[in-house]
Amino acid sequence: MATAGERPGGSGGGADGTGGTGGAAGAPFLAWLRSRGGFVHADIDLFADMGGGDRGVVARADIAKGENLVIVPTDCCMHLPADESDLSDPAPRAARHLVTSSPRPSPFLGSVLMVMSELAAGRDSPFSDYLAALPDDVNCVLGWSQAEKDELKGTTIDDSTQRSAGEAYASEVAPRVAARPDLWPPAAAASAERAAPAGTKTAGGSGGLDGLREFLRVASLVQSRAFHMEAQNWITGVREEGTELFLIPAIDMINHSTDPARRNTSLHKFDVRMEVEVDGRNVVFDAFFAMKADRDIRAGEQVLHTYGDLSDAQLVQTYGFVDLGPGGDPGMSDRCVGIMPSWCRRTGLSTWDLEATQV
1 MATAGERPGG
11 SGGGADGTGG
21 TGGAAGAPFL
31 AWLRSRGGFV
41 HADIDLFADM
51 GGGDRGVVAR
61 ADIAKGENLV
71 IVPTDCCMHL
81 PADESDLSDP
91 APRAARHLVT
101 SSPRPSPFLG
111 SVLMVMSELA
121 AGRDSPFSDY
131 LAALPDDVNC
141 VLGWSQAEKD
151 ELKGTTIDDS
161 TQRSAGEAYA
171 SEVAPRVAAR
181 PDLWPPAAAA
191 SAERAAPAGT
201 KTAGGSGGLD
211 GLREFLRVAS
221 LVQSRAFHME
231 AQNWITGVRE
241 EGTELFLIPA
251 IDMINHSTDP
261 ARRNTSLHKF
271 DVRMEVEVDG
281 RNVVFDAFFA
291 MKADRDIRAG
301 EQVLHTYGDL
311 SDAQLVQTYG
321 FVDLGPGGDP
331 GMSDRCVGIM
341 PSWCRRTGLS
351 TWDLEATQV
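The letter at position 278 of the sequence shown is residue 278 when you use full-length UniProt numbering, and the numbering goes up by one with no holes.
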């Protein structure tokens, strides 16, 4: 469980002169990203070990304000667009089917289904090196056991009135998976070796409990890593109703801080052809995401941005952490939520004695 604005999972990696490799999955991921036109500053480690099983992005040398930290072409992203004409090349296998299906799934469930399909494809997926670099587990509320969720009752993150993930899986996910075994092979779900959270059950459907396990894991990944963007036609530039979700490789590894003084970068999306200086040379990008150093970043400093103006309750529910402020001092956080004792024990916050408060 990450507790200070850090996305959980994965082991730290060493320095190799081209960004931290993050162990076995890191080097192939960086090679894949560069082969797809992406850029990562040579002096940042994408897989720095932050302790406690968490990882973050850290500067390995001083970086000046204005330098590009990460550039990711939109074709590198896993994304389910509003229109079939906006599919990336190559597109995830299930993307075209999901975009044209009726009824179309919500942006969130569509993204989860898309990622499940790519995971099932294994090394045949054009995104396999990216998926292999993602954490195995994300401890957001979506994956908690029912007993753990029961302890949320009476707090600002009580979700007892919401439909359970098992019901959503049985009614909206399992029927789609069963109808297209070519996109979601039953064998892939059946071979999943991940343990389901205690107390979860499925009402049936393709893959049974194994399918639900994989759904919960992938849904947690999408919930904790996807960026929400206003829907827009990339060709015409016309803004459309709704929200689109993007899984943005490398950029989704940068952690959050509630404190503006600690943040040193921000996310920008460009939908026009643009020439950008990268490593002393000009490179043309069509549509891309970019993060620059908003101020000078010192060697050893973590690269941080914001996931939005979110309360601690929203951070726990969506990402599985609370922002403890500078130095990890709970007293520095001015936004608190009543957190049940077992979660406090797991995250080392046993000294907190919080009551449910309005955030």
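Ideal Cβ positions, reconstructed from N, Cα and C, are used throughout, including at glycine.
| query | result |
| --- | --- |
| Check whether the Cβ atoms of L87 and R96 lie closer than 8 Å to each other. | yes |
| Start and end of the alpha helix (DSSP H) containing P175? | A174 to A179 |
| Taking the alpha carbon of I44 as the point to measure from, which residue in E244, D259 and I254 has its own alpha carbon closest? | I254 |
| Kindly indicate which three-state DSSP category M153 falls into: helix, strand or coil? | Looking at the sequence shown, residue 153 is not Met but Lys. Reduced to three states, the DSSP call for K153 is coil. |
| Mapping the DSSP letters down to three states, classify P107 as helix, strand or coil. | helix |
| Could you tell me if residue 362 is buried or exposed, where buried requires 16 or more neighbouring beta carbons within 10 angstroms of its beta carbon? | Outside the shown range of the chain, which is 1 to 359, sits residue 362, and nothing can be said about it. |
| Considering only residues of the same chain and omitting the five flanking positions on each side of V112, which have a CB-CB separation below 8 Å? | V173, F215, V218, A219 and V222 |
| Can you name the start and end residues of the beta strand (DSSP E) that V141 belongs to? | Looking at the DSSP string, V141 is not in any beta strand (DSSP E), and its letter there is neither H nor E. |
| Out of curiosity, what's the CA-to-CA distance linking K149 and V141? | 7 Å |
| With DSSP run on the structure shown, which of helix, strand or coil describes E275? | strand |
| Put A42 into one of helix, strand or coil per three-state DSSP. | coil |
| Distance check for V70 and A168, CA to CA, integer angstroms please. | 36 Å |
| If the criterion is Cβ atoms closer than 8 Å, does the pair M226 and P73 meet it? | Correcting the residue type first, residue 226 is Ala in the shown sequence and not Met. No; because the gap between Cβ atoms is not below 8 Å, this pair is not in contact. |
| Report back the beta-carbon spacing between A299 and R60 to the nearest angstrom; my notes put them in contact at under 8 Å. | 6 Å |
| Within the continuous beta strand (DSSP E) that includes S266, where are the two ends? | T265 to F270 |
| Tell me the rounded alpha-carbon separation between R55 and E151. | 28 Å |
| I'd like to know whether the C-beta atoms of V40 and A48 end up nearer to each other than 8 Å. | no |
| Got a sec? Which residues, its chain only, sit under 7 Å from F246 by beta carbon, not counting five neighbours each side? | C77, H79, A226, F227 and M229 |
| With DSSP run on the structure shown, which of helix, strand or coil describes D83? | coil |
| For R263 and A178, I'd like the C-alpha separation in whole angstroms. | 45 Å |
| For a test of the three-state rule: what should DSSP assign to V283, helix, strand or coil? | strand |
| Provide the residue(s) that pair with M291 in DSSP beta bridges, ordered along the chain. | V70 and L267 |
| Could you tell me the alpha carbon to alpha carbon distance between M291 and V284, rounded to whole angstroms? | 16 Å |
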